[in-house]
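Numbering (my numbering), first residue to last: 12 to 427.
For each residue, glycine too, the CB sits at the ideal point set by N, CA and C.
Owing to the predicted nature of the structure, the values given are computational and were not obtained by experimental measurement.
Worksheet for the structure shown next.
Laid out in structure tokens, this is it:
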């Protein structure tokens with residue numbers, strides 16, 4: 012991984028760009044959570060922040076992907092950064108208006124929805140195919156690290172400077188990120204020309220064609236099904252995990268912060284372990300059986316509750332760290348297989364479709380988990396979600412789609 016940063020200047024610039032903008036976003040979301048939470052006194056408003064962030068990708072995922080296929084990828088990313096810059100700047104003037112802040116978070120999500128498909132489609136221009144798992148792992152590790160250190164830094168800054176000044180830091184990170192993306196493009200353009208296919212058909216035809224392409228690639232279609240199933244359970248976990256920590260185990264604010272850090276450390280470890288593991292284990296098999304293991308790990312919350320009497324919070328810390336590790340590991344083979352499966356000219360629309368179903372699964376899981384947890388209990392809801400994930404993941408191994416997915420890497424290996 013170090014060689015990617017030392018010897019690949021274009022990827023280095025993109026990596027620093029991701030580090031910068033993700034850190035700024037972590038500061039902003041922490042400040043907004045604080046303001047909306049303290050001013051509204053409503054748990055529903057906190058939930059609305061998550062929905063405002065995720066809903067745009069469900070609504071415009073395939074549209075954003077089509078734009079990434081029609082325009083230069085670096086230009087789409089820069090445009091996304093500047094749109095988010097303007098949105099966060101507007102937030103500074105409405106920090107005392109929770110409802111309006113939710114709307115602005117939604118607008119920022121619309122801008123961010125264009126960034127993901129463009130970045131995924133841009134990455135193969137910078138990194139050779141055999142190095143993609145390492146590049147994805149490094150990018151993911153960066154995301155997890157900044158998500159882990161951003162909130163505590165934001166908490167310290169809230170004691171020192173005003174909230175609007177913290178948001179100004181995020182504004183500057185968007186500007187810096189946009190410049191670094193441009194520099195990344197100039198580096199790769201100097202080395203070799205980037206041939207971007209210019210679409211001639213109307214946008215709506217491009218979108219329909221994108222959906223047809225997904226249906227025509229059995230391995231990609233099956234990969235989307237897997238991601239949807241996994242994100243359903245992830246959504247349930249997101250709905251129950253914080254409540255389990257705060258309401259069931261009654262952790263203090265300091266302990267809650269430690270749990271978040273432990274989850275982040277597990278995720279960082281998973282992002283570095285993932286590229287190594289998929290060299291040893293078939294990526295298709297890795298996705299399925301990691302899903303089974305993740306489901307079983309969720310069920311272990313039953314034993315965490317039992318061992319809590321003897322071990323205190325130690326068992327909860329281990330459980331949270333394991334979840335962070337497994338969740339992070341799963342993203343590496345998904346992203347790696349996706350890039351191998353998808354034709355270059357269609358990659359933006361494909362990742363838009365993948366992310367659309369991913370966020371849709373998470374939203375459904377959030378809604379179902381939040382609604383049912385109050386009825387059957389937090390622990391039982393988490394256990395049921397884990398069991399369903401393990402059973403469904405195991406059942407998928409007997410399908411034709413699983414065979415198609417495992418054949419993808421076999422063909423790749425035969426060509427090397």
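heavy atom of the ligand HEM below 8 Å from residue i C-beta
i	result
residue 366	The ligand HEM is not part of this structure, which contains no ligands at all.
Euclidean distance between Cα positions of residue i and residue j
i	j	result
residue 162	residue 200	36 Å
residue 425	residue 140	Below a pLDDT of 50, predicted positions are generally treated as unreliable, and residue 425, at 41, falls in that range; the measurement from the model is reported next regardless. So the alpha carbons of these two residues sit roughly 15 Å apart.
residue 80	residue 359	5 Å
residue 26	residue 321	44 Å
residue 69	residue 337	24 Å
residue 34	residue 181	8 Å
residue 357	residue 227	12 Å
residue 362	residue 230	14 Å
residue 308	residue 389	15 Å
residue 191	residue 75	22 Å
residue 253	residue 166	19 Å
residue 306	residue 339	14 Å
residue 219	residue 232	15 Å
residue 261	residue 387	19 Å
residue 303	residue 409	14 Å
residue 354	residue 172	48 Å
residue 21	residue 134	10 Å
residue 266	residue 256	9 Å
residue 131	residue 301	23 Å
residue 28	residue 317	45 Å
residue 150	residue 158	12 Å
residue 153	residue 275	11 Å
residue 197	residue 400	44 Å
residue 427	residue 164	Because the pLDDT at residue 427 is just 33, under 50, the model does not fix this residue reliably, and the value given afterwards should be weighed accordingly. Distance between the alpha carbons of residue 427 and residue 164: 46 Å.
residue 404	residue 342	15 Å
Burial state of residue i (16 or more Cβ within 10 Å)
i	result
residue 31	buried
residue 18	exposed
residue 136	buried
residue 144	buried
residue 286	buried
residue 411	exposed
residue 110	exposed
residue 97	exposed
residue 237	buried
residue 67	buried
residue 99	buried
residue 323	exposed
residue 107	exposed
residue 258	exposed
residue 291	exposed
residue 372	buried
residue 170	exposed
residue 418	exposed
Residue range of the unbroken alpha helix (DSSP H) whose run includes residue i
i	result
residue 108	Residue 108 -> no alpha helix (DSSP H), and no H or E assigned at all.
residue 348	325 to 352
residue 366	358 to 387
residue 251	229 to 254
residue 84	84 to 102
residue 310	294 to 310
Cβ-based neighbour list, residue i, same chain, cut-off 6 Å, excluding 5 preceding and 5 following
i	result
residue 344	289, 294, 297, 298
residue 184	31, 32, 35
residue 92	185, 188, 189
residue 281	336, 339, 340
residue 194	24
residue 421	Any reading at residue 421 needs caution, since the residue's pLDDT is 43, under 50, leaving its predicted position unreliable; the model's value is listed next. For residue 421, where only same-chain residues beyond five positions count, there are no Cβ hits under 6 Å.
8 Å Cβ shell around residue i - same chain, five flanking residues per side excluded
i	result
residue 273	328, 331, 332, 335
residue 60	40, 43, 44, 47, 113, 116
residue 380	246, 247, 248, 249, 250, 251, 392, 396
residue 376	242, 243, 244, 245, 246, 247, 248, 249, 250, 396
residue 319	260, 326, 327
residue 402	306
Residues near residue i by beta carbon distance below 7 Å, same chain, minus five either side
i	result
residue 347	143, 144, 147, 289, 294
residue 119	95, 98, 99
residue 314	none
residue 64	116, 120
residue 311	330
residue 423	Any reading at residue 423 must be qualified, since the residue scores a pLDDT of 42, below 50, and its modelled position is unreliable; the value itself is stated next. If we look at residue 423 and ignore the five residues flanking it on each side, its Cβ neighbours are 351.
Problem - Cβ pair count under 8 Å reaching 3, the region 173 to 181 against the region 85 to 103 - result: yes
Problem - Inter-stretch contact at 8 Å, needing at least 3 Cβ pairs: the region 87 to 95 / the region 124 to 136 - result: yes
Practice task
Evaluate the contact criterion for the region 367 to 374 versus the region 239 to 254: three or more CB pairs, one atom per stretch, below 8 Å.
Solution key: yes
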